[in-house]
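This report refers to the structure that appears directly beneath it.
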Amino acid sequence: MFNTVQIICASEKERAVLRGIFSALGADAVFSIDLNDALALLEKTRPAAVFVADGEEPPAEITLRELRRVAPFLPVIPLLKRRDASRAVELMKAGALDCAQGPWTQEELRPLYRKALSLGGTLIELDSLGLRRKRRSLALALAVAVGLAGFAGGLYYGFRRFSPRALAPHSFYLPYFHPTGIVAKADTVLISDWFSQGLYEHNMKTFGIRRVTSLPDITPVAMAASRDSLWIVRSDGVIERRLLDRAYTKASQTRPFRPVPDSACFDGLYFWTADSRSGTIAKHMPGDKLEVLKEFKYPGKKLSAIACDTRFLWAADAGLKAVVKLSLDDPETIVSATPVEEYGSPSLRVTAMDSKDGRLWFTAEDGDKALAFFRNEPK
-13 MFNTVQIICA SEKERAVLRG IFSALGADAV FSIDLNDALA LLEKTRPAAV FVADGEEPPA
47 EITLRELRRV APFLPVIPLL KRRDASRAVE LMKAGALDCA QGPWTQEELR PLYRKALSLG
107 GTLIELDSLG LRRKRRSLAL ALAVAVGLAG FAGGLYYGFR RFSPRALAPH SFYLPYFHPT
167 GIVAKADTVL ISDWFSQGLY EHNMKTFGIR RVTSLPDITP VAMAASRDSL WIVRSDGVIE
227 RRLLDRAYTK ASQTRPFRPV PDSACFDGLY FWTADSRSGT IAKHMPGDKL EVLKEFKYPG
287 KKLSAIACDT RFLWAADAGL KAVVKLSLDD PETIVSATPV EEYGSPSLRV TAMDSKDGRL
347 WFTAEDGDKA LAFFRNEPK
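Note that the working numbering gives residue -13 to position 1 of the sequence shown, counting from 1, and the numbers run on in steps of one.
Rendered as structure tokens:
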């Protein structure tokens, strides 16, 4: 419906207030409690506009970015809970159509509601005299186009029917631009981003975003997972252990490590970190303190990131443009080096790795884009 609006608001009390206001405005309001719920309903409801309550999780900036990614022309209007002109300017710079100042009233929201609907409801009339004169020519051209389309469709069907199937895609562009860690789970891939300070949980097959968890108090620079914990390396060198619950609740933290590790992994027995600047790999005792047992010098050219499983330590090497296999017992000796085709891009910079079920996962920055990709482990 043209008058359908979607409202993202977690508070039941505030939803009741907004329900009454939008009902009085004649709007068909559909409510979502968070971004994930909103994205799931967006395709079904096809709203004319989205109103987002500010001050909830995830932050309105992330909600704006994700909504613009899936529906770039959809009007989005944050609902500020108090009057704050500077906050409104920030959100409008981030892509908001406008902002509603608190307290929310029918008089405050009416012009914004009409403004949002007018973007999709403006009727434009053209002088159609020339078009009427050429109606027959256009009809003939349309018939020819339909015939050509049918012929091309037949060729395409025959090609698909009798040709080998293409391999499934193994690279995905990300809707954020500074990934720092990656953890592959059973059917999802978790990626951290330092700029937006968030954890993004992706569907492993389509790489659509299933859930976003905001980390407003820390800047994640690396990430690893054990059987029951998620380990996040902060920009100050502290490594946090978090539970694998829905909120990734913080359980403990270490002292600050120097230099600050920018890569981490867990081999099932020991915890490993790496510093790409110095080319140092450290082996840690598992536990809340992660005491360093021994340090090793990376034997390749230019270390970018590490990953590990129960058999090997893996490294992305920008100098060799390859993934390097190292022994867990002797990380200062290269077992093998296998070229990675993504390094064909001169601007590619691998930022994180993970190993899961015989497959290596990577995140990387490539110019002004960010991507995730995977490869089968080299033999």
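Think of the CB as a built atom: it goes at the ideal place given N, C-alpha and C, for glycine as much as any other residue.
The structure displayed is predicted, hence computed values, not measured ones.
Status (buried if at least 16 other CB within 10 Å, exposed otherwise) for residue i
i	result
Leu77	buried
His188	buried
Phe(-12)	exposed
Pro58	exposed
Ser9	exposed
Gly305	exposed
Ala152	Residue placement at Ala152 cannot be trusted, given a pLDDT of 34 that sits under 50; the coordinates are not used to answer.
Lys171	exposed
Tyr159	exposed
Gly254	exposed
Thr235	exposed
Val326	buried
Val175	buried
Pro245	exposed
Pro317	buried
Leu279	exposed
Val310	buried
Glu93	exposed
Leu141	With a pLDDT of 46 at Leu141, under the threshold of 50, the modelled position of that residue is not reliable, and no figure is offered here.
Asp340	buried
Asp231	exposed
Phe145	Low confidence applies to Phe145: its pLDDT is 40, below 50, so where it sits in the model is not reliable enough to give any reading.
Gly116	Annotation note: pLDDT 48 at Gly116 (below 50); position unreliable, no value reported.
Ser72	exposed
Gly106	Unreliable positioning characterises Gly106 in this predicted model, as indicated by a pLDDT of 48, which lies under 50. The coordinate reading is nonetheless provided below. By the neighbour-count rule (16 or more Cβ atoms within 10 Å), Gly106 is not buried but exposed.
Ser322	exposed
Ser18	buried
Pro33	buried
Reference residue i; option with closest CA among the options
i	options	result
Asp222	Ala268, Asp40, Trp180, Leu65	Trp180
Ala35	Val75, Asp70, Val(-9)	Val(-9)
His164	Val219, Ser182, Trp258	Ser182
Ile367	Gly194, Ile225, Phe193	With the chain running from -13 to 365 in the structure shown, residue 367 is simply not present.
Lys(-1)	Arg241, Ala39, Thr31, Lys280	Ala39
Ala358	Cys294, Lys101, Lys191	Lys191
Arg70	Ala80, Val56, Gly88	The sequence given here has Asp at residue 70, not Arg. Here the closest residue by C-alpha is Gly88.
Arg297	Thr349, Gly41, Glu281, Lys342	Lys342
Thr91	Arg345, Arg73, Ile7	Ile7
Gly184	Thr31, Ala102, Ala233, Asp340	Ala233
Arg51	Tyr162, Ala86, Thr349	Tyr162
Arg345	Cys294, Tyr99, Arg1, Lys79	Cys294
Arg213	Leu27, Thr240, Thr259, Pro272	Pro272
Leu314	Glu281, Arg196, Lys287	Glu281
Arg54	Val75, Arg73, Leu28	Leu28
Arg361	Ala74, His156, Ser104, Pro33	His156
Leu299	Thr259, Glu328, Ser104	Thr259
Contact under 8 angstroms by Cβ, residue i with residue j
i	j	result
Thr49	Leu21	yes
Pro285	Ile320	yes
Arg68	Leu11	no
Leu65	Phe37	yes
Ala202	Arg220	For the record, residue 202 in the displayed sequence is Pro; it is not Ala. The answer is no: Cβ separation not under 8 angstroms.
Ala308	Leu289	no
Phe257	Leu276	yes
Leu334	Asp354	no
Ala210	Phe252	yes
Ala338	Gly194	no
Tyr186	Val169	no
Asp274	Asp261	no
Ala15	Arg5	yes
Pro44	Ser200	yes
Ile218	Thr349	no
Leu25	Val56	yes
Glu47	Ala80	yes
Ile63	Ala2	no
Asp303	Lys287	yes
Arg196	Ser215	no
Heavy atom of the ligand SAM within 7 angstroms of residue i beta-carbon
i	result
Phe252	The ligand content of the structure shown is nil, which means the ligand SAM is not present either.
Please give me, in chain order, every unbroken run of the beta strand (DSSP E) with length at least 3 that falls completely inside the segment 30 to 113.
35 to 39, 62 to 65
In chain order, what are the residue ranges of uninterrupted beta strand (DSSP E) at least 3 long that sit wholly in the segment 174 to 206?
174 to 179, 184 to 189, 195 to 200
Contact between the segment 330 to 344 and the segment 265 to 282 is defined here as three or more beta-carbon pairs at a separation below 8 angstroms; is this criterion met?
no
Restricting to runs no shorter than 3 residues, where is the beta strand (DSSP E) found entirely within the segment 274 to 307?
278 to 283, 289 to 294, 298 to 303
What beta strand (DSSP E) runs, 3 residues minimum, are completely inside the segment 200 to 260?
206 to 211, 215 to 220, 225 to 229, 236 to 239, 249 to 252
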